[in-house]
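Colleague: In order, the protein sequence lines correspond to chains A and B.
Just so we're aligned: 112 in the numbering used here is position 85 of the first sequence, and the numbers increase by one with no gaps anywhere.
Just so we're aligned: 71 in the numbering used here is position 44 of the second sequence, and the numbers increase by one with no gaps anywhere.
The beta-carbon is built from N, C-alpha and C at its ideal position, and this holds for glycine as well.
It should be emphasised that the depicted structure is a prediction, and the values quoted were computed from it without experimental measurement.
If you scroll down you'll find the structure; I have some questions about it.
There are 2 protein chains.
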Amino acid sequence: MILTQTQGSFELLTNETAIALIQKLELLDKDATLTCRKIGAGPFNYVFHVADNATNKGVIIKQAVPYAKGLGESESWPLTLKRAAIEADALLTFGSYCPEYVPKVYYADKQLAITVMEDLSHVKIARTGLIEGENYPLLSQHIGEYAAKTLFYTSDYYLESTTKKEIARAFTNPELRKIIESSIFTGPFFEHTPTDVETLWNDHELKLEVAKLKKIFMSEQEALLHGDLHTGHILANESETKVIAPEIAFYGPIGFDTGQFIANLLFQAVTCEDADQEIILSHIQTFWSTFTDVYSTLWNNESRDAFKNIDGLLSYVLQKAKADSFGFAGWELIRKTSGLSHVIDLDGIDHMDQRINVKTNALILGTHLVKNRSTLDIPTVIELVQQVTRSSYSTL
Amino acid sequence: MILTQTQGSFELLTNETAIALIQKLELLDKDATLTCRKIGAGPFNYVFHVADNATNKGVIIKQAVPYAKGLGESESWPLTLKRAAIEADALLTFGSYCPEYVPKVYYADKQLAITVMEDLSHVKIARTGLIEGENYPLLSQHIGEYAAKTLFYTSDYYLESTTKKEIARAFTNPELRKIIESSIFTGPFFEHTPTDVETLWNDHELKLEVAKLKKIFMSEQEALLHGDLHTGHILANESETKVIAPEIAFYGPIGFDTGQFIANLLFQAVTCEDADQEIILSHIQTFWSTFTDVYSTLWNNESRDAFKNIDGLLSYVLQKAKADSFGFAGWELIRKTSGLSHVIDLDGIDHMDQRINVKTNALILGTHLVKNRSTLDIPTVIELVQQVTRSSYSTL
């Protein structure tokens with residue numbers, strides 16, 4: 028059961044008030060002695076872990092903070108509150124279609140920007156784990172399923188038209204979207220031109236194709252997206268996978284979510300050694316085949332669209348999703364390699380020559396993906412990664 | 028100045044209360060003796076003309092009625108109220124960008140579903156005029172300008188991202204959209220199969236292409252559309268053109284508006300004699316060239332999109348608009364010829380053989396447009412109309 032209440036004024040949680048909240052909500056054994064520790068203090072949020080040490084049961088409390096750094100500086104407090112509310116609502120929506128891979132939400136207070144959810148302290152941020160060489164054998168299969176379910180069940184092919192438009196309206200967040208759009212599509216080309224990527228900026232074909240991707244991003248509402256589906260927002264261990272932090276969830280093109288996940292795997296693939304690269308590349312293959320298999324099954328069994336049985340429609344939809352995925356993945360590689368945003372996967376590489384090599388490879392790969400997105404398939408992309416990484420290591 | 032007020036309960040206007048309202052609003056000379064006549068009583072609305080006979084100045088009052096027939100039977104009263112409110116808001120929005128071709132709104136009362144607007148009793152419904160053989164030499168140029176301005180100024184290429192999303196949210200009307208979507212995309216293929224068009228229903232390629240058009244219609248938000256831009260919603264005379272009744276305005280693909288106008292001209296083209304056909308075909312040409320010229324000028328001079336100067340982007344956007352236009356126009360021809368909806372242009376043809384000929388031509392033309400929309404251009408479409416009408420008149 029979800030309790031949502033609105034209170035008078037904002038107050039930051041302390042360890043003590045966090046425990047008091049959980050006691051009040053009776054989410055853990057009411058006679059238990061609870062302990063609390065702050066396990067996260069990111070730029071936007073505090074994260075508390077409240078647990079009953081006797082039984083080892085616990086819950087997570089996430090609270091948005093009013094003094095966000097970085098991107099958040101341009102945000103107003105009402106926007107931060109809205110971001111926290113969208114995150115809670117999106118977890119509930121995605122959780123209703125795909126409970127396996129979404130943390131359970133027990134309670135949300137939109138005035139205090141608090142979400143209380145399932146204890147996930149036993150799983151780890153996948154990006155960190157991958158960089159440290161950990162193996163998550165089920166990661167790509169789970170995310171493939173997650174993407175297929177969330178992107179099918181919130182689309183026109185499943186939802187009744189009225190419901191889809193009501194959900195889309197509820198998740199409309201114009202102020203935040205503007206910040207995101209401008210960080211994705213304006214900044215890198217027009218505001219920041221480091222000399223090492225100047226040739227990219229002069230690549231007319233690339234710019235035109237990115238402009239087309241921007242059009243798709245700005246105007247298409249295919250499904251409710253997570254919106255920021257990178258490995259830093261995935262918690263995993265050997266057997267479990269949970270997708271967190273859908274705080275910018277919005278209706279958009281489904282290839283944006285799938286493309287972002289692919290881009291994150293590609294970042295890994297261009298940075299790691301041969302043996303590890305093979306594992307990552309097989310993750311990409313598994314992700315896409317699981318996504319298409321599960322999406323196709325859902326389409327065949329659960330689509331309510333009158334046109335669903337028309338031969339060729341499903342493959343048209345999947346082909347578009349694939350082209351968009353490669354396009355958005357390619358742009359993500361370029362953007363994160365050269366722009367204002369960065370990924371720890373690349374910046375964490377100590378040796379400067381190697382870092383430059385890897386960045387060059389990411390740019391080559393990204394450019395190829397954007398330009399050739401409509402004709403590429405997964406085996407070709409994998410071959411491309413292998414070619415790019417091998418040839419450039421030897422020639423540069 | 029627009030006054031909007033909310034009153035207690037709904038009441039239908041009479042000639043007397045209509046005059047009293049205009050007097051209270053002081054829209055005409057306050058000492059004048061006003062007369063009122065009901066000039067329209069459609070299934071959804073009453074239309075009153077209130078005038079000062081001494082000066083011949085007047086205003087129009089439109090009021091939604093609570094006992095709508097036809098499509099309206101499935102509508103609830105709150106939905107009817109919303110439809111009237113959207114109409115008033117859309118007239119104001121379109122009028123702010125394109126005052127030449129949109130009636131001025133003086134007053135709107137959303138509770139009483141009343142809109143008071145500019146007197147347009149001197150212009151006539153264009154569809155009626157065209158059927159009667161009247162010549163509106165500026166019609167296509169004006170509608171080309173109207174379409175270019177409304178569809179550019181409400182798009183991502185002009186509006187700030189936040190504003191666009193707020194407008195899109197304000198015009199979201201899920202209940203009405205559902206009725207429209209199902210009447211456009213479900214009914215004809217799946218619920219109604221008159222024997223004379225059975226071959227169409229078995230045309231797999233056509234169905235697949237219509238399913239793709241449906242996807243565009245359902246998921247793309249390129250601009251704020253009129254949504255029902257047929258010649259029955261255009262008032263015209265030799266020098267003036269006004270677009271009325273945007274009561275289902277919504278964010279959608281721009282080719283839907285332009286395609287609907289083209290479809291209505293094509294209906295005319297397949298029904299009339301050679302000399303008149305030439306005039307109609309030149310209207311199609313003028314409409315499209317004006318639309319692209321004005322849209323291009325606005326793009327070059329007023330677009331705020333950072334990518335706007337990238338060579339090829341404008342032509343990509345216009346090419347998509349053209350393909351979508353032909354697709355939606357073709358589907359409109361098929362749908363109105365064979366389905367539940369009808370157009371007076373065709374049903375008004377007295378001689379049965381001729382009516383069947385004309386309908387066959389409309390179906391052939393529509394099917395060709397849908398299937399070949401991406402490669403067609405205006406001269407080819409015009410040639411096609413000439414070929415189809417001439418050959419079938421001689422062979423059938």
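Given that A:Q248 touches chain B, what residues does it touch there, using C-beta distances under 8 Å?
Modeller: Taking the first residue of the first sequence as position 1, residue 248 of chain A is located at position 221. Within 8 Å Cβ-Cβ: S246, E247 and Q248.
Colleague: By Cβ distance, which residues of its chain are closer than 7 Å to B:Q248, with the 5 residues on each side in sequence left out?
Modeller: Mapped onto the second sequence, residue 248 of chain B falls at position 221. Only A195, Y278 and G279 meet the Cβ criterion.
Colleague: Can you give me the C-alpha to C-alpha distance between A:T120 and A:F198, rounded to a whole angstrom?
Modeller: Walking along the first sequence from the start, residue 120 of chain A turns up at place 93. Walking along the first sequence from the start, residue 198 of chain A turns up at place 171. Roughly 11 Å separates the two Cα atoms.
Colleague: Would you kindly work out how many angstroms separate the C-alpha atoms of A:T422 and A:Q381, rounded to a whole number?
Modeller: Walking along the first sequence from the start, residue 422 of chain A turns up at place 395. Walking along the first sequence from the start, residue 381 of chain A turns up at place 354. Here A:T422 scores only 40 on pLDDT, less than 50, and its place in the model should not be relied on; the value that follows carries that caveat. Distance between the alpha carbons of A:T422 and A:Q381: 12 Å.
Colleague: Looking at the unbroken alpha helix (DSSP H) that takes in A:E236, where does it start and where does it end?
Modeller: As a position in the first sequence, residue 236 of chain A is number 209, starting the count at 1. A:E236 -> alpha helix (DSSP H) spans H231 to S246.
Colleague: What would DSSP say about A:D301, mapped onto helix, strand or coil?
Modeller: As a working note, residue 301 of chain A is residue 274 in the first sequence. It is helical.
Colleague: Below 7 Å between beta carbons is the criterion; list the residues of the region 315–338 of chain A that meet it against any residue of chain B, in chain order.
Modeller: A333, F334, I337 and D338
Colleague: Going along the chain, which residues of its own chain have a beta-carbon closer than 6 Å to the beta-carbon of B:G67, five neighbours each way excluded?
Modeller: Counted from its first residue, the second sequence places residue 67 of chain B at position 40. Excluding positions up to five away in sequence, the list reads V74.
Colleague: Would you grab the beta carbon distance between B:I22 and B:H257 for me? Rounded to a whole angstrom, and I think it's under 8 Å.
Modeller: A question about residue 22 of chain B goes unanswered here, because the residues of chain B that appear run from 28 up to 423.
Colleague: Please classify B:P70 as buried or exposed, where buried requires at least 16 other C-beta atoms within 10 Å of its C-beta.
Modeller: One-based indexing of the second sequence puts residue 70 of chain B at position 43. So B:P70 counts as exposed.
Colleague: Just checking, does the region 171–182 of chain A make contact with the region 125–144 of chain A on the three C-beta pairs under 8 Å criterion?
Modeller: yes
Colleague: Go through its chain and collect everything with a Cβ distance to A:E359's Cβ below 7 Å, but skip five positions before and after it.
Modeller: For the purposes of this step, residue 359 of chain A is identified with residue 332 of the first sequence, where counting begins at 1. Closer than 7 Å at the Cβ level, and outside the excluded window around A:E359, lie G286, Q287 and A290.
Colleague: Which one of B:L186, B:A91, B:L240 and B:Q168 has the shortest CA to CA distance from B:I211?
Modeller: Start at 1 with the first residue of the second sequence, and residue 211 of chain B comes out as number 184. Looking only at B:L186, B:A91, B:L240 and B:Q168, the smallest Cα-Cα distance to B:I211 is reached by B:L240.
Colleague: What three-state label does DSSP hand B:R331 in the structure shown?
Modeller: Working through the second sequence from its first residue, we reach residue 331 of chain B at position 304. Coil at B:R331, not helix or strand.
Colleague: According to DSSP, is A:N291 part of a helix, a strand, or is it coil?
Modeller: The residue you call residue 291 of chain A lines up with position 264 of the first sequence. Reduced to three states, the DSSP call for A:N291 is helix.
Colleague: Could you check the C-alpha separation between B:Q90 and B:A111 for me, to the nearest Å?
Modeller: The residue you call residue 90 of chain B lines up with position 63 of the second sequence. The residue you call residue 111 of chain B lines up with position 84 of the second sequence. In a straight line, the C-alpha of B:Q90 is about 8 Å away from that of B:A111.
Colleague: By the three-class DSSP mapping on this structure, what secondary structure does A:L403 have?
Modeller: Within the first sequence, numbered from 1, the residue matching residue 403 of chain A stands at position 376. DSSP places A:L403 in coil when its eight states are reduced to three.
Colleague: Identify whether A:T220 lies in helix, strand or coil by the three-state DSSP scheme.
Modeller: In the first sequence, residue 220 of chain A corresponds to position 193, counting from 1. Model confidence at A:T220 stands at a pLDDT of 47, short of 50, so the residue's coordinates are unreliable and nothing is read from them.
Colleague: Since B:L340 meets chain A, which of its residues come closer than 7 Å, beta carbon to beta carbon?
Modeller: The residue labelled residue 340 of chain B in the question sits at position 313 within the second sequence. Correct list: L235 and A238.
Colleague: Secondary structure at B:E127, three-state DSSP: helix, strand or coil?
Modeller: The residue given as residue 127 of chain B occupies position 100 in the second sequence. The answer is helix: DSSP assigns B:E127 an H, G or I state.
Colleague: Rounded to a whole number of angstroms, what is the C-alpha to C-alpha distance between A:R64 and A:Y134?
Modeller: Start at 1 with the first residue of the first sequence, and residue 64 of chain A comes out as number 37. Start at 1 with the first residue of the first sequence, and residue 134 of chain A comes out as number 107. Their Cα atoms are separated by approximately 19 Å.
Colleague: Let's test the definition: count the other Cβ atoms within 10 Å of the Cβ of A:G254 and tell me whether it reaches 16, buried, or not, exposed.
Modeller: Taking the first sequence and counting its residues from 1, the one referred to as residue 254 of chain A is at position 227. With 16 or more Cβ atoms within 10 Å of its Cβ, A:G254 is classed as buried.
Colleague: Applying the 10 Å Cβ sphere with the 16-neighbour rule, what's the burial state of A:W326?
Modeller: Sequence index remark: in the first sequence, residue 326 of chain A carries index 299 (1-based). Its Cβ being crowded by 16 or more others within 10 Å, A:W326 is buried.
Colleague: Any chance the region 327–347 of chain A sits against the region 182–196 of chain A, with 3 or more Cβ pairs inside 8 Å?
Modeller: yes
Colleague: Let me confirm a value: A:L293 is counted as buried when at least 16 other C-beta atoms fall within 10 Å, else exposed. Which label applies?
Modeller: By one-based count along the first sequence, residue 293 of chain A stands at place 266. Buried, by the Cβ-count rule.
Colleague: Taking the continuous alpha helix (DSSP H) assigned at B:N42, which residues delimit it?
Modeller: On the second sequence, residue 42 of chain B is found 15 positions in, with the first residue counted as 1. Per DSSP, B:N42 belongs to the alpha helix (DSSP H) from N42 to L52.
Colleague: Considering just the uninterrupted stretch of the beta strand (DSSP E) at A:Q90, what are its terminal residues?
Modeller: Numbered from its first residue, the first sequence carries residue 90 of chain A at position 63. Start and end: K84 to A91.
Colleague: Inspect the CB distances between the region 48–57 of chain A and the region 73–87 of chain A and report whether three or more fall short of 8 Å.
Modeller: yes
Colleague: Does the distance from the C-beta atom of A:A348 to that of A:I281 stay below 8 Å?
Modeller: The residue given as residue 348 of chain A occupies position 321 in the first sequence. The residue given as residue 281 of chain A occupies position 254 in the first sequence. Cβ atoms of A:A348 and A:I281: closer than 8 Å.
Colleague: In whole angstroms, what separates the C-alpha of A:V86 from that of A:V344?
Modeller: Against the first sequence, residue 86 of chain A aligns to sequence position 59. Against the first sequence, residue 344 of chain A aligns to sequence position 317. If you take the alpha carbons of A:V86 and A:V344, they lie about 40 Å apart.
Colleague: In chain A, which residues lie with their C-beta within 9 Å of the C-beta of B:E193?
Modeller: Walking along the second sequence from the start, residue 193 of chain B turns up at place 166. Within chain A, the residues near B:E193 are T199 and P201.
Colleague: At a cut of 8 Å, does the region 296–310 of chain B reach the region 399–415 of chain B through at least three beta carbon pairs?
Modeller: yes
Colleague: For B:N162, does the count of other Cβ atoms within 10 angstroms reach 16, so buried, or fall short, so exposed?
Modeller: Residue numbering aside, residue 162 of chain B sits at position 135 when the second sequence is read from its first letter. B:N162 comes out exposed.
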